[in-house]
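Heads up: the structure comes next, in structure tokens.
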Amino acid sequence: MSDLLIKGARIVDAGREMAGDVLIVGGIIREVAEEIPPQKGIPVLPAEGNFLLPAFVDLHAHFRDPGFPEKEDLLSGSRAAAHGGFTVVSLMPNTDPPCDSPEVARYVLEKAREIGLVEVRVVGAITRGLRGGELVDMEALAPYVWAFSDDGHGVEDHRLVWKAAKKARELGKTIYPHPEFRGLPSRELGEELMVARDLWIARRTGARFHLAHISSPGAVELVALAKEKGLPVTCEATPHHLCLSREEADHPVNPPITTREAVEVLVTGLVEGIIDAVATDHAPHTDADVAAGVPGISGIETAFPLLYTRLVKRGTIGLRTLSRLLSLVPARIMGLRQRGFVREGFVGDLVIIAEEEITVTRDFLFSRGKNTPLLGWRLWGKVHATIRGGEAIYLDGKVKGRDFDDHRQVIRGG
Ligand code: DOR
Numbered sequence: 193m194s195d196l197l198i199k200g201a202r203i204v205d206a207g208r209e210m211a212g213d214v215l216i217v218g219g220i221i222r223e224v225a226e227e228i229p230p231q232k233g234i235p236v237l238p239a240e241g242n243f244l245l246p247a248f249v250d251l252h253a254h255f256r257d258p259g260f261p262e263k264e265d266l267l268s269g270s271r272a273a274a275h276g277g278f279t280v281v282s283l284m285p286n287t288d289p290p291c292d293s294p295e296v297a298r299y300v301l302e303k304a305r306e307i308g309l310v311e312v313r314v315v316g317a318i319t320r321g322l323r324g325g326e327l328v329d330m331e332a333l334a335p336y337v338w339a340f341s342d343d344g345h346g347v348e349d350h351r352l353v354w355k356a357a358k359k360a361r362e363l364g365k366t367i368y369p370h371p372e373f374r375g376l377p378s379r380e381l382g383e384e385l386m387v388a389r390d391l392w393i394a395r396r397t398g399a400r401f402h403l404a405h406i407s408s409p410g411a412v413e414l415v416a417l418a419k420e421k422g423l424p425v426t427c428e429a430t431p432h433h434l435c436l437s438r439e440e441a442d443h444p445v446n447p448p449i450t451t452r453e454a455v456e457v458l459v460t461g462l463v464e465g466i467i468d469a470v471a472t473d474h475a476p477h478t479d480a481d482v483a484a485g486v487p488g489i490s491g492i493e494t495a496f497p498l499l500y501t502r503l504v505k506r507g508t509i510g511l512r513t514l515s516r517l518l519s520l521v522p523a524r525i526m527g528l529r530q531r532g533f534v535r536e537g538f539v540g541d542l543v544i545i546a547e548e549e550i551t552v553t554r555d556f557l558f559s560r561g562k563n564t565p566l567l568g569w570r571l572w573g574k575v576h577a578t579i580r581g582g583e584a585i586y587l588d589g590k591v592k593g594r595d596f597d598d599h600r601q602v603i604r605g606g
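Using the working numbering, read the sequence shown as starting at 193 and increasing by one per residue.
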């Protein structure tokens, strides 16, 4: 936990915008004011002309460790997250072995802690081996996970979801469905039916549900109804479902990128607060996987620039709203406190954004996964620095641990 003074930023969070300085002491925001004088022994990071936001929190990422380090591992994934402006990531259990036991959860958490770049949280599997047949030992997993999901597959067996929801309620955990019944006449119907079932199970059990990557208009409608009833339900959409239509970006991902009309409904759902948060579903794969048509988008580094370019620059939402969607609400959904605002007493996790263009190239991506339909795209909103607990973990092309150990080495005048 470090000390840092950031000067001259355009501070934006979910609640306000102001020009000023931010002082972090011992990893916690000590002061936010128009002018804070330099303090003895505290490095100064100049941010004139740049936006300063709470660092982003990703509810939904795949770092593929254990099992598929050639796609991504905890180190490459952590670097990609830092480069994308994220300081907290919640990892999905579809690893090999899957995260269906305390041993795997502990392995992920301990390795991430040793790497020490971003804060990693874990989602445990709902069913053993993600096979959909038998519940995991939820009680044994509970100390390590904030939610349970078979992401990649919807759990088709109603009785299992019912039992999982009852148990999750008892344990104070969230059920995090990948809403998709397979083999129905249309994919949208498969999503809608599972959303409807899960909302009803939430209603009957009182368990908290957070729905992954909503992509169909019908699902938005159902969630709106559930919210009217006051059910303990939240949902997310991904940057690619909110910003891209299948007419312009043809890339295999599950759920698929949808039509222009459906995108409009999703964005309206976002503006109206029916969709609570944006989550990346960062799903890195190798070139060979891509050639074989394996679905997924490596998206944690392009999330902010894509949303900023497509939704903020075009005036659909303000930067404050984007901050709410990428920081405040995801942190709340995960149960993290004192995050999501640039305010005294809040965690000193911040991101500095330059109003500059980036070009998405293979080299731009720190992730091992180069699988994105955005290669060659130019986007606005360049992450200049990612600060975790007052310490820069990413700064101007350099990452902590690879390019510097102590951020004073790269902060001017530090
Ligand atoms: O496209 C996808 N890829 N959707 C998922 O739900 C899983 C993910 C993956 O793990 O590659």
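Cβ coordinates follow ideal geometry from the N, Cα and C atoms, glycine included.
Host beta strand (DSSP E) of residue i (start-end)
i	result
Gly200	Leu196 to Val204
Ser282	Phe278 to Leu283
Asp250	Phe248 to Ala253
Gly382	Here Gly382 belongs to no beta strand (DSSP E); instead the alpha helix (DSSP H) covers Arg379 to Thr397.
Ala225	Ile220 to Ala225
Residue environment, residue i, which counts as buried when at least 16 other CB atoms sit within 10 Å
i	result
Leu197	buried
Leu381	exposed
Met617	Past the edges of the chain, shown from 193 to 606, lies residue 617, and the structure says nothing about it.
Met193	exposed
Asp595	exposed
Pro230	exposed
Thr578	buried
Ser282	buried
Phe401	buried
Glu226	exposed
Ser378	exposed
Thr551	exposed
Gly485	exposed
Gly351	Residue 351 is actually Arg in this sequence, not Gly. Answer is exposed; the Cβ neighbour count stays below 16.
Ala483	exposed
Asp257	buried
Arg531	buried
Gly582	buried
Short Cβ contact (8 Å threshold) for residue i with residue j
i	j	result
Gly269	Ser519	no
Val224	Arg600	no
Gly540	Ile220	yes
Leu309	Arg271	yes
Ala247	Arg512	no
Ser407	Pro447	yes
Gly324	Val347	yes
Lys199	Asp213	yes
Val459	Thr397	no
Asp349	Asn286	no
Leu462	Leu434	yes
Pro431	Ala404	no
Arg438	Thr426	no
Ile489	Thr366	no
Pro424	Ala454	no
Phe340	Ala317	yes
Arg618	Asp292	Since the first residue shown for the chain is 193 and the last is 606, residue 618 is missing from the structure and cannot be characterised.
Val280	Val315	no
His477	Gly422	no
Ile585	Ala274	yes
Ala201	Phe243	yes
Glu428	Asp468	yes
Ala206	Ser515	yes
Ala411	Pro371	yes
Residue i, enclosing alpha helix (DSSP H) - first and last residue
i	result
Glu295	Pro294 to Ile307
Arg208	Per DSSP, Arg208 belongs to no alpha helix (DSSP H) and is neither H nor E.
Pro522	Val521 to Met526
Phe496	Ala495 to Leu499
Lys419	Pro409 to Glu420
Lys359	His350 to Leu363
Ile550	Where Ile550 is concerned, there is no enclosing alpha helix (DSSP H), although the beta strand (DSSP E) it sits in stretches over Leu542 to Thr551.
Gly269	Leu266 to His275
Glu311	From DSSP, Glu311 is part of no alpha helix (DSSP H) but of the beta strand (DSSP E) over Glu311 to Gly316.
Leu434	Pro431 to Cys435
Leu333	Met330 to Leu333
Ala339	Counting along the chain, Ala339 falls outside any alpha helix (DSSP H), though it belongs to the beta strand (DSSP E) covering Val337 to Phe340.
Arg452	Arg452 to Val463
* Three or more C-beta pairs below 8 Å linking the region 469-480 and the region 248-261 -> yes
* Quick one: any contact between the region 544-562 and the region 475-494, if contact means 3 or more CB pairs under 8 Å? -> yes
* To do: Decide if the region 571-579 is in contact with the region 541-550; the criterion is three or more beta carbon pairs, one per stretch, under 8 Å apart.
  => yes
* Are at least three pairs of beta-carbons, each pair with one atom in the region 382-395 and one in the region 326-345, less than 8 Å apart? -> no
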